[in-house]
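Some notes on the structure that comes next.
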Amino acid sequence: MNKSKILRDIKQHLHLLEKDRLSPYATLSIQAVRRRDEQEVIDGHRENFSVDADRILHSLAYSRYIDKTQVFYLVKNDHITHRVLHVQLVSKIGRTIGRLLRLNEDLIEAVALGHDIGHAPFGHDGEGFLSDLSREYGLGNFLHNVQGVRFLEALEKKGAGWNLSLQVLDGILSHNGEVHNPALYPDSSKDFARLEDEIKKLTENPEFPIWPMTIEGCVVRMADTISYIGRDIEDAIRLGLIKRNEIPVDCRRRLGETNGTIVYTLVEDLISESLEKPTISFSTEVAEALKKLKDFNQEFIYAHTKTKS
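Sequential numbering from 578 applies to the sequence shown in my numbering.
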């Protein structure tokens with residue numbers, strides 16, 4: 578049998594399996610929208626969002642994740658989280674959630690792998706420094722989510738970009754896990770013109786609210802929070818910034834006091850609250866505890882003098 582026909586038949590079978598297996602709220606691979614049609618993608622054996630994940634993984638910008646700061650920089654400790662590990666954790670947690678909610682895991686993986694690809698060295702401190710410089714020279718704010726889209730759309734491949742799908746680029750742009758949202762509702766009415774408009778508005782005003790266009794993008798936004806909230810606590814304890822018994826009592830009681838327990842609790846709650854629904858959300862009790870834990874991290878970890886030194 579002809580090799581091309583075999584691969585086409587396999588891909589067609591995968592399309593049918595997706596349609597049969599995935600939730601009605603999931604994004605099908607055949608729904609991917611690109612700026613330019615590519616015969617290689619259309620005829621190839623990989624699904625659309627799998628192509629995007631591979632392209633991000635092989636990009637130059639992805640290579641620069643290596644040794645970039647997550648929270649703590651210039652620390653001589655191999656066990657402190659760096660950006661590349663955080664990205665892998667977001668991908669793994671997101672795909673676990675997606676599998677149980679019957680969502681598109683390829684789309685989740687692509688958004689997760691690319692979500693921090695525009696980050697500067699030295700984490701959010703580096704981002705803030707570059708943003709100050711950018712405003713000084715009339716360029717607007719420097720935002721890592723905007724830069725991530727810019728890298729993948731306009732800088733990679735000598736300016737040609739990777740021609741990623743709208744759904745993946747939108748997920749990268751709207752991934753902001755630092756903003757506390759107990760529930761996320763996909764904003765599905767987007768196209769490339771809307772993406773460009775949101776980039777412009779964010780550059781002018783970083784607080785401009787945007788939401789992912791797919792439920793998979795919503796999963797990554799939540800997985801971003803889940804992956805860092807307990808991990809940052811473990812790093813801070815390892816570096817002597819805080820002690821475990823200083824974590825708020827009600828947070829420990831509701832979420833746990835170790836990274837593993839916190840991740841497990843948040844993932845199970847999110848799945849239970851979101852199953853067979855068009856939204857991704859935490860329960861009220863868990864969302865309140867998570868907000869309090871975020872506030873604790875902000876005051877005693879991210880704003881700590883040792884973190885900034």
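Note that CB positions come from ideal geometry on N, CA and C, so glycine has one too.
Compute the distance between the beta-carbons of residue i and residue j, then report whether it is under 9 Å.
i    : j    : result
T856 : C795 : yes
E624 : L591 : yes
G817 : G837 : no
V726 : D629 : no
I633 : L741 : yes
E775 : S804 : no
W788 : Y762 : yes
E781 : G700 : no
Would you mind sorting residue i into buried or exposed? The rule is 16 or more other CB atoms within 10 Å of its CB.
i    : result
P894 : In the structure as shown, the chain starts at 578 and stops at 886, and residue 894 therefore has no counterpart that could be examined.
G671 : buried
H635 : exposed
D747 : buried
I564 : Here the chain covers residues 578 to 886 and nothing more, so residue 564 does not appear.
K575 : The chain is shown only over 578 to 886; residue 575 falls outside these bounds and no answer can be derived.
H721 : buried
D614 : exposed
H757 : exposed
Residue i lies in the alpha helix (DSSP H); which residues open and close that run?
i    : result
M799 : 792 to 815
S627 : 625 to 634
A845 : Rather than Ala, the amino acid found at residue 845 in this sequence is Glu. Its alpha helix (DSSP H) spans residues 836 to 851.
E865 : 861 to 874
F769 : 769 to 781
D614 : Note, D614: premise wrong, no alpha helix (DSSP H); not H, not E.
L637 : 637 to 640
L750 : 743 to 750
I583 : 580 to 598
Enumerate in chain order the residues of its own chain whose CB-to-CB distance from residue i is below 6 Å, with the five nearest sequence positions on each side excluded.
i    : result
V863 : D846
In chain order, what residues of the same chain lie with their CB nearer than 7 Å to the CB of residue i, ignoring the 5 residues before and after it?
i    : result
F728 : A638, I694, G695
Counting only the same chain and skipping the five closest in sequence on each side, list residues whose C-beta sits under 8 Å from that of residue i.
i    : result
R676 : E682
If we define contact as Cβ-Cβ less than 9 Å, is residue i a contact residue for chain E?
i    : result
L605 : No chain E is present in this structure, which holds just one protein chain.
Practice task
Please specify which runs of the alpha helix (DSSP H), each continuous and at least 4 residues long, are wholly inside the segment 655 to 694, giving them in chain order.
Solution key: 660 to 678, 682 to 691
Curious, which full-length alpha helix (DSSP H) runs of at least 4 residues does the segment 699 to 737 contain?
-> 700 to 713, 721 to 727
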